[in-house]
Each structure stands twice: as structure tokens, then as C-alpha cells.
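Asker: Here it is, the structure, as C-alpha cells.
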Amino acid sequence: MKINILQHTPNEKAGSILEWAKLHHHDVYTYHPYQFGKLPTDNDTDMLVILGGPMSPNDDLPWIHQEYKLVSSLLSKNIPILGVCFGAQLIAKILGGKIVKAPFKEVGWAPVYLQSHLIPDIPEKATVLHWHEDMFEIPPKAQLLFSSDHVKNQGYLYQKNVIGLQFHFEPLDNNVKEIVVNDYPYIDGSVLNQSKERIINKAVPKENKQIMFQLLDYITAHSN
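So that you can map any letter, position 211 of the sequence shown is 211 in full-length UniProt numbering, and since no number is skipped, the others follow by simple counting.
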């Protein structure tokens, strides 16, 4: 399977998603549309991963419009898609949900709680990395998957082959360090009130990679 990854900032990488792809012997290609303006075609994509970034799907940028077209086509073809943070917002907007300011800015480690058992064997609670102040409305026909203490809409499942996550399961320990050392001013104003040292020094929970693998297994098992 050919997995195309859309990365939107240098310090937010695919993390454990790459480990899952290697485990299953999938080919991975990473695009940087914010820098190079290049995207894969729908016919050359067996699975799409849309990572986070500092921009909004509401921004009027040429490459965001190009991503709209690509994602819309893949949705019509039942291709598996994972969207994280910006990626989840982009998919939600395409599916009819609005992107708005969250009631609280969440930056740091905090739990999310499972809201649906459609995907089997996902734990009821997980501690994850949050790095956002916007949120998506749950799109029509999508199922709420996760909520946090401060923001209800944290994850959704659409037609069994599309998952959007506002938070981050995918970072490994080195990815968290890279995010924080490059973007630590963004921590200011977070309701979680954590220092950059506290965020860096917390080890990524081992179960986060396993959950990420389970979500990827699920959407690829329910695609064409």
C-alpha cells in the first residue's frame, strides 16, 4: 500500500505512524505542501495522512485549496484517511463541520476519554499531547470518538475509514522534544498551565503507539 503523508510544519512529524507503516511493509511518501506546493494525486494514493500545523483550514492559501480537492476525491473513493489536528479540521470542514475557536486553548499533556466503542479494544482513557486552540464541529454522519475535560470534540470516525483527531497520539519522545523546543511560546495561555520542561520531560505513554496502530488497522481494514 502506498501511504502519502502531508506534513505542514517541520516540527510535527508522523512519529509512530511511520513505525506502523514499516511493520506492514507499506511505502511512505511525505509531502510538504506549505513549502513546495506539491501534492500527490488521488490515483497515486492508497492511504492519506494529514498532519498538524499552525495554519487553519479557514485560511485562504492555494495549497489548502489543493488539499481540499485531493481529500474530497479520496473521500468519494473510500480511501482510508487519518487527519491529525489541522488535518482533522480540514476533513471536518470538507464534510460540513465548521472550524471555530475552542472554549479553551489546550497545550500540553491531558487525558481524553473514549465516547464510542465502534472501534474495538480502545481504552476508556488515554493521556495525549494537545497543541491547539481551534476545534472542529463533528461533521454530519460522523461519530464522536474522544472528548477531553475542556473540549468535547476531540476525535471522530466517518464511514469506518476516516478518523480525525484534534490531539496527538502519533508523537514519539523525540518528536515531542522537537515540537516543544521550536514552538514553546505557543504554550502561553493554555488552560493546562504546563511548562515546556514539564511537557518535554513526560515520557510518551507506551499505550499511545498501540492505540495509534489500532486506529490505523481499523480504517485500512474498512476501505476499498
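Quick reminder that beta carbons are idealized off the backbone N, C-alpha and C, glycines included.
1. Let's test the definition: count the other Cβ atoms within 10 Å of the Cβ of L23 and tell me whether it reaches 16, buried, or not, exposed.
2. In the DSSP assignment, the beta strand (DSSP E) including L144 goes from what residue to what residue?
3. May I ask you to list the residues that DSSP assigns as paired with L129?
4. Which residues in the same chain as M55 place their Cβ atom closer than 8 Å to its Cβ, once the five residues preceding and following it in sequence are excluded?
5. Tell me which same chain residues have a C-beta within less than 8 Å of the C-beta of L95, skipping the five on either side of it?
6. Apart from the five residues on each side of it in sequence, which residues of its chain come closer than 7 Å, Cβ to Cβ, to F169?
7. How big is the Cα-Cα spacing for S223 and F167?
8. Could you give the distance in angstroms between the alpha-carbon of G97 and the alpha-carbon of E19?
9. In the DSSP assignment, the alpha helix (DSSP H) including I200 goes from what residue to what residue?
10. Just the C-alpha distance for Y29 and H150, rounded to the nearest angstrom, thanks.
11. Could you tell me the alpha carbon to alpha carbon distance between A102 and K152, rounded to whole angstroms?
12. Pick out whichever of L172, H25, I17 and G52 has its Cα sitting closest to the Cα of H32.
13. So what's D183 in DSSP terms, helix, strand or just coil?
14. Report the CB separation of K13 from D42 in whole angstroms; it is logged as a contact under 8 Å.
15. Would you identify the three-state DSSP class for G83, choosing helix, strand or coil?
16. Identify, in the order they occur along the chain, each residue of the same chain with its Cβ nearer than 8 Å to the Cβ of A203, setting aside the five sequence neighbours on each side.
17. Roughly how many angstroms lie between the CA atoms of D217 and T45, to the nearest whole one?
18. To the nearest angstrom, how far is the alpha carbon of F136 from that of I119?
19. May I have the straight-line CA-CA distance separating Q154 from P111, to the nearest angstrom?
20. Just how far apart, CA to CA, sit V107 and T220?
21. Label K189 either buried or exposed according to how many other C-beta atoms from any shown protein chain fall within 10 Å of its C-beta, with 16 as the threshold for buried.
Answerer: Reading off the structure:
1. exposed
2. Element bounds for L144: A142 to S148.
3. W109 and H168
4. H8, Y34, L61, I64 and F86
5. L75, P139, P140, K141, A142 and Y158
6. V128, N208, I211 and M212
7. Using only the alpha carbons, I get a separation of about 24 Å.
8. 31 Å
9. K196 to N201
10. 35 Å
11. 9 Å
12. Restricting attention to L172, H25, I17 and G52, the CA atom closest to the CA of H32 is found in G52.
13. helix
14. Not really, about 24 Å apart at Cβ, beyond 8 Å.
15. G83 sits in a strand when the DSSP states are folded into three classes.
16. Answer for A203: D173, listed in chain order.
17. 17 Å
18. 21 Å
19. 11 Å
20. 30 Å
21. Position check: residue 189 holds Gly in this sequence, whereas Lys was assumed. The residue is exposed, with fewer than 16 neighbouring Cβ atoms inside 10 Å.
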